[in-house]
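Numbering of the first sequence is given in numbering that gives the first Met the number 0, commencing with residue 0 and proceeding in unit increments. For reference, the structure is listed below as structure tokens.
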Amino acid sequence: MAKGPKDQAVSERLPVARVAVDISLAHLDRPFDYLVPASLDQAAAPGCRVRVRFAGQLVDGYLLDRTQTSEHQGRLARLERVISPEPVLTPEIFALARSVADRYAGTLADVLRLAIPPRHATAEREAPAPPDAPAPPDAPASPDAVPSPDAVPSPDAVPSPDAVPSPDAVPSPDPAPPRPGSGPWARYPAGPAFLAALAEGRPVRAAWSALPGPEWPAEIAVAAATTAAAGRGVVIVVPDARDLARVDAALTAVNLGRRPGQPGHVCLTADLGPAERYRRWLTVLRGVVRVVAGTRAAMFAPVCQLGLVVLWDDGDDLHAEPRAPYPNAREVLALRAHQAQAAALIGGFARTAELTQLVAAGWAKPLVGRPEALRHLAPRVRAAPDEAELARDAAAMTARLPSLALRTARTALAVDAGPVLVQVPRRGYLAAIACGRCRAQARCAVCGGPLQVGGSNEVPGCHWCGALAADWTCSRCGSGRLRALVTGAARTAEELGRAFPGVPVRTSGGQHVLAEVPAEPALVIATPGAEPVAVGGYAAALLLDGWALLGRPSLRAGEETLRRWLNAAALVRPAGSVVVLAEASLPAVQALVRWDPVGFSERELAERAELGFPPAVRMAAVTGSSAAIAEFVGSAGLPDRAEVLGPVPAEPDGAEHDREPRERALIRIPRTDGLALARALHAAQAARSARKDGGGPKAVRVQLDPAEVA
DNA sequence: TACAGAGTAAAA
DNA sequence: TTTACTCTGTAG
């Protein structure tokens, strides 16, 4: 009898392996049992990557658990091989990924693809071992970093960081572990108490309204250092690489009780390349490093004994994952903090309605600056209402840039001798065009989409369907003349430069983003999110994009506009000047003038509650062909309190315009029934995928908490 | 009407 | 890749 893997002996000890296969079909989103061949007994540890035969195919999967017996009635197949004994799926991350999948009506496989980077064999071989192996006597051991094959933790068990008695949790051996004082946190009434809670390992959760200025990375670093000094791990998530560089520098500056030759923290970004990315990720998994800072994907970093999660600027749309099941970093980190009993520090200069919702629900407490500190630090903001209209007009911009704005810039450059930040609309908004006579927005004759100029084309084209509008005439007044509705950044730079001859003009945005500008007088033209930091702060800022932002037909237009304004204004030095070109009576303008993001957000949330909009309610979007939506929604068995809105034609987003017309239905439900809704939608997906009408024209996309809802 | 062999769908 | 089930053509 030849012994192929087929009939080789099965492991005597815990012969059954529960495996999550890496297939993102809803009806296969559950564990499957396999037999462990005796030869793989050692390697087949919970959390490791395996390869199994599934429906004839060899597929990748994760070994969740080892058990004595199986519930499965039929015959069990065997593990084909263990790809690596590295236990990459920890119980904590498994539980988190499962919750995220459930929350977003997605599959575990999809979430794990976001959470666990692809393996890189060389990196795995070379990465440093956990600190307890070569045992420098003073190395803090991390008993939970590498589960021994004997300990078979149930993946369902909620990991409790304190369950593991850590023998050396007492002293950090270094003579002077950084004993951070309150430092910048002294500027917040609740700051010292917040740090004290971190030091004691209590799961405090703060909705943070950062004081304007450049201190926020240092504040994050102090919170991280305090947590690390208490022997717990930290996850810090920021929107982009520039913010990460700032946090990285601040973490380096606080020197997180590191031992010689070992970093106290590690940065995780998407652009590291597979090897480096996996190498750094492994140092986290193995407990070598306990403080992680990174962009979105770092929210899943397998930090040991998590004590604190930090999310900076939670309203930034970069925190929304564009891949299924479209989780948002705020929701994931909140969930994670909750499950791990870790503290949370979420916020920024602005305040999102979602975070205000978390405060209203009692989940988080506000952490705001002292009023006198705010008064001292906030810039003086003035609105230039009657001149807003002028900003629409490129010609007027040249000739008569609003006098208040010009005067402010002139004073800042000449008297204060500092740089002036000019925030202009992003490229996306730049190119909308209007009738040259009556100013009606120019629309496509074919599909009604907005026309735009730009790219290589001199001829305007449709933003939706791409049709060129060479012989356009205005449908309202019949004029054939077009004009730019918005002035682009380059154009603004040129024109402002002319208004201030001799003053250097720097631009930041698109491909060329500046991180920092020197303290000398200069005009710094930037699009929202690309504003450089100025050494010593800007002397003034001109916010020219207000009407373009506020005019968007979006539920979040006001909140998003205020967020971008605050982020720009926070870069201005204390008592510097800000001029915003917008109607002074608008709530967003008021909130900027008074630097009151919390009040604005509370009103915003109240309004949305009244209108039945998120986050006061939970929404799901179902997108697909008309027939597919009808079938899907009809058969989904939605919870009683679910309310279906639409479907209405979905705006074609770029590449999808040549397919069957797609529609979108929204499903609204009270927040308390959110999980039930997700469950029903997931079940409906399962029914569909089991019938195999998955990918084709009958496909529907389910998205919970869609970003744009109106 | 019964049954072999091909074809097809599942999914441990 | 394997298995179990369905379909279909042909013999009885």
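All C-beta atoms, glycine included, are put in the ideal place defined by N, C-alpha and C.
- Under the three-state reduction of DSSP output, Leu522 falls in the strand class.
- Contact between Ala533 and Leu565 fails: their C-beta atoms lie close to 16 Å from each other, not under 8 Å.
- In this structure, Gln422 sits near Ala525, with a CB-CB distance shorter than 8 Å.
- For the pair of segments examined, the segment 342 to 356 was found to touch the segment 195 to 213: the number of CB pairs separated by less than 8 Å reaches three.
- Beta-bridge analysis with DSSP links Asn327 to Ala319.
- Within the segment 568 to 606, the alpha helix (DSSP H) runs of at least 4 residues that lie entirely inside it are, in chain order, 586 to 592.
- Within 10 angstroms of the beta-carbon of Val516 lie 16 or more other beta-carbons, which makes it buried.
- Counting the other Cβ atoms within 10 Å of the Cβ of Gln67 gives fewer than 16, which makes it exposed.
- Residue nearest to Leu334 within the set Phe93, Cys476 and Gly368 is Phe93 (criterion: CA-CA distance).
- CA-CA distance, Val290 to Gly263, rounds to 7 Å.
- The segment 67 to 76 makes contact with the segment 10 to 17; the number of CB pairs closer than 8 Å reaches 3 or more.
- In this structure, Val523 sits away from Arg241, with a CB-CB distance that is not shorter than 8 Å.
- The three-state secondary structure of Gly190, taken from DSSP, is helix.
- Sequence-distant Cβ neighbours of Arg617 in its own chain, meaning closer than 8 Å and more than five residues away, are Arg667, Ile668, Pro669, Arg670, Asp672, Gly673, Leu676, Leu703 and Asp704.
- In this structure, the straight-line span from the alpha carbon of Ala108 to that of Val701 is close to 16 Å.
- Remark: C-beta atoms of Pro183 and Val221 approach each other more closely than 8 Å.
- In this structure, the alpha-carbon of Glu606 lies about 11 Å from that of Phe599.
- In the displayed model, Tyr103 falls within coil according to three-state DSSP, outside both helix and strand.
- Under the three-state reduction of DSSP output, Asp704 falls in the coil class, being neither helix nor strand.
- Burial is judged here by how many other beta carbons sit within 10 angstroms of a residue's own beta carbon; Ala269 has fewer than 16 and is exposed.
- Arg48 places its beta carbon less than 8 Å from that of Asp59.
- Residue state for His511 is assigned as strand, using DSSP reduced to three classes.
- Looking at the backbone, the Cα of Ala37 and that of Gln7 are separated by about 8 Å.
- Ile82 is not a Cβ neighbour of Arg29, given a cutoff of 8 Å.
- Annotated three-state conformation of Gln340 is coil, per DSSP.
- If you check the CB distance, Val502 and Pro520 come in under 8 Å.
- Restricting attention to Arg52, Ser584 and Ala341, the CA atom closest to the CA of Glu79 is found in Arg52.
- Counted as a single uninterrupted DSSP element, the beta strand (DSSP E) harbouring Phe53 occupies residues Arg48 to Phe53.
- For the pair Leu561 and Ala349, the CB atoms are nearer than the 8 Å cut-off.
- Closest in C-alpha terms to Arg381, from the list Leu680, Leu585, Leu665 and Arg602, comes Leu585.
- Look at Pro646 here: in three-state DSSP terms it is strand.
- In the three-state DSSP reduction, Ala383 falls in the coil class, being neither helix nor strand.
- Shown here, Ser624 sits in a strand according to DSSP, grouped into three states.
- Straight-line measurement puts the Cα of Leu665 at about 12 Å from the Cα of Gly623.
- Going by DSSP, His264 is part of the beta strand (DSSP E) stretching over His264 to Leu267.
- Distance from Val246 to Pro216 at the Cβ level is roughly 5 Å; contact confirmed, criterion being Cβ atoms closer than 8 Å.
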